[in-house]
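A short write-up of the structure that comes next.
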Amino acid sequence: MTYSIQWHEEAIKDLQTIEQQKQKKIIAKIKDYLSKDPLSLGKSLKGIFKGLYRYRCYGSYRVIYAIDRESVIILILRIADRKDVYQNPANEN
-14 MTYSIQWHEE
-4 AIKDLQTIEQ
6 QKQKKIIAKI
16 KDYLSKDPLS
26 LGKSLKGIFK
36 GLYRYRCYGS
46 YRVIYAIDRE
56 SVIILILRIA
66 DRKDVYQNPA
76 NEN
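Under the numbering used here, read the sequence shown as residues -14 to 78, first letter to last.
Now the structure itself:
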């Protein structure tokens, strides 16, 4: 079963800050792999991120996402380097 992908506006902003060649590779990994098996490819998160998943998609880049199993949708919430991905984007300057 293939999940459809939806992009949160913060994830789109995150993508725009990444160089274009890396953007293409990240998007391809999400479409080609994550959309087909989001549960086993991702790792469930803990603490304040409980209920969300992360996927290591390109080097140190992480994709934070939620899964709606009933609607068969993956909502991409954030994409960033692992050192930045867990920070609140509203607090960044």
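Glycine included, C-beta positions come from ideal geometry on N, C-alpha and C.
Quantities reported herein were computed from a predicted structural model and do not represent experimental measurements.
If I follow the unbroken beta strand (DSSP E) through residue i, where does it start and stop?
i, result
"residue 72", "Note, residue 72: premise wrong, no beta strand (DSSP E); not H, not E."
"residue 66", "58 to 66"
Buried or exposed: where does residue i fall if 16 or more other Cβ atoms within 10 Å of its Cβ makes it buried?
i, result
"residue -1", "buried"
"residue 78", "Reliability of the predicted coordinates at residue 78 is poor, the pLDDT of 45 falling under 50, and no value is obtained from them."
"residue 59", "buried"
"residue -3", "exposed"
"residue 13", "exposed"
"residue 39", "buried"
In terms of residue numbering, what span does the alpha helix (DSSP H) encompassing residue i cover?
i, result
"residue 25", "23 to 26"
"residue 33", "That residue, residue 33, is in no alpha helix (DSSP H); it is neither H nor E in DSSP."
If distances are taken between C-alpha atoms only, which option among the options comes closest to residue i?
i, options, result
"residue 68", "49, 56, 58, 59", "49"
"residue 62", "55, 10, 7, 71", "71"
"residue 24", "14, 56, 33, 37", "37"
"residue 46", "-9, 10, 54", "10"
Check whether the Cβ atoms of residue i and residue j sit closer than 8 Å, and answer yes or no.
i, j, result
"residue 26", "residue 19", "yes"
"residue 42", "residue 15", "yes"
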